[in-house]
Amino acid sequence: MALEQGIAQLVQEFIAAGRPSSRRQTIELRRAGYVLSTGLAGKTETRVQIKTLVIENMTIRVFSPLNAPEILPAAIYYHGGCFISGGFDTHDNQLRQLACYGNCRVIAVQYRLAPEHTFPAAHDDAEKGADLIWKYADKLGVDRNQITLCGDSAGGHLALVTALRLKAKGLWQPAQLILIYPMLDATTSFESYTLNGMDYVITRDTLLSGYEIYLAGADRQHPEVSPLWREDFSGLPAVHIITAEYDPLRDEGEALFQRLTEQGVTCTAQRWLGVIHGFFQLGGISQSARDVIRDIAWRIHHIRRE
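Under numbering that gives the first Met the number 0, think of the first position of the sequence shown as 0, with each following residue one higher.
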C-alpha cells in the first residue's frame, strides 16, 4: 500500500535532505530532535490530569481522565527512543490520549538512558517500575487485575522482557501486553531491515546505533538483548503486537507473533499499512496514528484477566 499522504511528505523531505544519518549526530542533538518531533503529534489532549511522582527513588508520571473513578484499569508505559532518548515529553500527547479515550490510568516509567547507563540499566528500571506500581496500586488508583504493560520500539522490548522477568519471579503478572513495533532482534537478521532500512526516517542506522550505544559490547544473542529468540514464552498473558508496513522492525514483530503462538500464548497481531516506524507519534499528520491510539486505549480499558 502507498504511504499515507502526510507520512509520504515526511519521507520525501527526509530523502531530499540527503537521508541524514543519526550516527553523525551527538546524543544531545538526537534527544533534542526527538523532542522537536512532538510537533507532529497533533492537538494536545487537555481532558486529563497529570501528576509526576517519585516513589522509592523512581520517577513516574500518571495520566488520568478528568473526574476519574477511584480505581481504574491501567497501562504501565515504556517509551521508545532506541534506548538512548525519549521520555515523558516525547510521549506526552499520546499518553494523554490513551488515558482520555480509554478512561484508564496511564503510568509512564522513566528509565535510565545510554550512553550514561548501559545494558541492563533500562531493563532493571523497567522491572522496578512495574513492581513499584503493583506495590502501590491502591494509592495510585490502579486495578491490579487490569494492568497492561505497553511500550513502543525500545519500550516494547522492555515491556516484553519485564513480563518475562515477572513470570520467572512468580509474584504477579500483567493482564496483557501491547507491543508497538517492538525492537526484538539485535542481530538484525530480517529482510525488512533491508527493504525499509534507508528511506523511512527511522532508518537501519538509527536503530542499530541505538543498540550499539546501549549494549556496549553485550552479546547480541543474550536472551534479554534479542528476546525474540527465547524459548520461555509459555505462560505469558495475552499479547497484542502492532507492526508498520514500512518499518525496519516489521518482520521481527510478526515473527514474535508466530513464536508466541507456537508456544501457546494467546496472541494477536496487526500490520498497519501505509505507515512507518514511529507512526504512533504522528497523530497530527496520520489518520492511522489517530486510529491506533483509540484502538490501544480500547484494549487497555476492556482487558479482563482470564
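Built from N, CA and C at the ideal position, the CB exists for glycine as well.
Assign residue i to one of three DSSP states: helix, strand, or coil.
{"i": "A74", "result": "strand"}
{"i": "Q48", "result": "strand"}
{"i": "D123", "result": "helix"}
{"i": "D290", "result": "helix"}
{"i": "G80", "result": "coil"}
{"i": "A40", "result": "coil"}
{"i": "G85", "result": "coil"}
{"i": "L148", "result": "strand"}
{"i": "I132", "result": "helix"}
{"i": "I302", "result": "coil"}
{"i": "A296", "result": "helix"}
Could you round the C-beta distance between residue i and residue j to whole angstroms and report it? I think they count as a contact, below 8 Å.
{"i": "T58", "j": "Q93", "result": "T58 to Q93, Cβ: 18 Å. No contact."}
{"i": "C103", "j": "L71", "result": "5 Å"}
{"i": "L306", "j": "C81", "result": "Any question about residue 306 goes unanswered here, given that the chain covers just 0 to 305."}
{"i": "G154", "j": "Y77", "result": "3 Å"}
{"i": "G283", "j": "G41", "result": "4 Å"}
{"i": "R312", "j": "A107", "result": "Nothing in the structure corresponds to residue 312, since the chain is present only between 0 and 305."}
{"i": "P173", "j": "S152", "result": "19 Å between Cβ atoms; not a contact."}
{"i": "S208", "j": "S21", "result": "6 Å"}
{"i": "A1", "j": "G273", "result": "6 Å"}
{"i": "A98", "j": "V160", "result": "So it is not a contact: roughly 24 Å between Cβ atoms."}
{"i": "Y33", "j": "G85", "result": "6 Å"}
{"i": "L170", "j": "A129", "result": "With 8 Å as the limit, L170 and A129 do not qualify as a contact, their Cβ atoms being about 11 Å apart."}
{"i": "G140", "j": "E44", "result": "G140 to E44, Cβ: 19 Å. No contact."}
Output the boundary residues of the beta strand (DSSP E) element that contains residue i.
{"i": "N92", "result": "Where N92 is concerned, there is no enclosing beta strand (DSSP E), although the alpha helix (DSSP H) it sits in stretches over D91 to G101."}
{"i": "T58", "result": "M57 to P64"}
{"i": "A162", "result": "Per DSSP, A162 belongs to no beta strand (DSSP E); it is in the alpha helix (DSSP H), A153 to K168."}
{"i": "R104", "result": "R104 to V108"}
Find out if the Cβ-Cβ distance for the pair residue i, residue j is shorter than 8 Å.
{"i": "A268", "j": "F189", "result": "no"}
{"i": "I146", "j": "I295", "result": "no"}
{"i": "Y199", "j": "I83", "result": "no"}
{"i": "T242", "j": "G252", "result": "yes"}
{"i": "D250", "j": "S225", "result": "no"}
{"i": "C149", "j": "A74", "result": "yes"}
{"i": "F62", "j": "V105", "result": "yes"}
{"i": "Q175", "j": "A237", "result": "yes"}
{"i": "I179", "j": "F256", "result": "no"}
{"i": "G5", "j": "S233", "result": "no"}
{"i": "D231", "j": "L163", "result": "yes"}
{"i": "G39", "j": "L248", "result": "For the sequence presented, residue 39 should be read as Leu rather than Gly. No, the Cβ-Cβ distance between L39 and L248 is not below 8 Å."}
{"i": "R219", "j": "T265", "result": "no"}
{"i": "R203", "j": "E244", "result": "no"}
{"i": "T37", "j": "D91", "result": "yes"}
{"i": "P114", "j": "I212", "result": "yes"}
{"i": "R293", "j": "H239", "result": "no"}
{"i": "L235", "j": "R258", "result": "no"}
{"i": "L131", "j": "E223", "result": "no"}
{"i": "E12", "j": "S287", "result": "no"}
What are the boundary residues of the alpha helix (DSSP H) that includes residue i?
{"i": "G5", "result": "Q4 to A15"}
{"i": "R22", "result": "Taken as a continuous stretch (DSSP letters only), R22 belongs to no alpha helix (DSSP H), as it is neither H nor E."}
{"i": "G323", "result": "A question about residue 323 goes unanswered here, because the residues of the chain that appear run from 0 up to 305."}
{"i": "A31", "result": "I26 to L35"}
Run the proximity test for residue i: is its beta-carbon closer than 7 Å to any non-hydrogen atom belonging to the ligand FAD?
{"i": "V224", "result": "Ligands displayed in this structure: none; no statement on the ligand FAD is therefore possible."}
Runs of alpha helix (DSSP H) wholly within the segment 201 to 288 (minimum 4 residues, chain order): 203 to 214 and 249 to 261
So within the segment 172 to 196, which uninterrupted alpha helix (DSSP H) runs reach at least 4 residues, ignoring any that extend past its ends? 191 to 194
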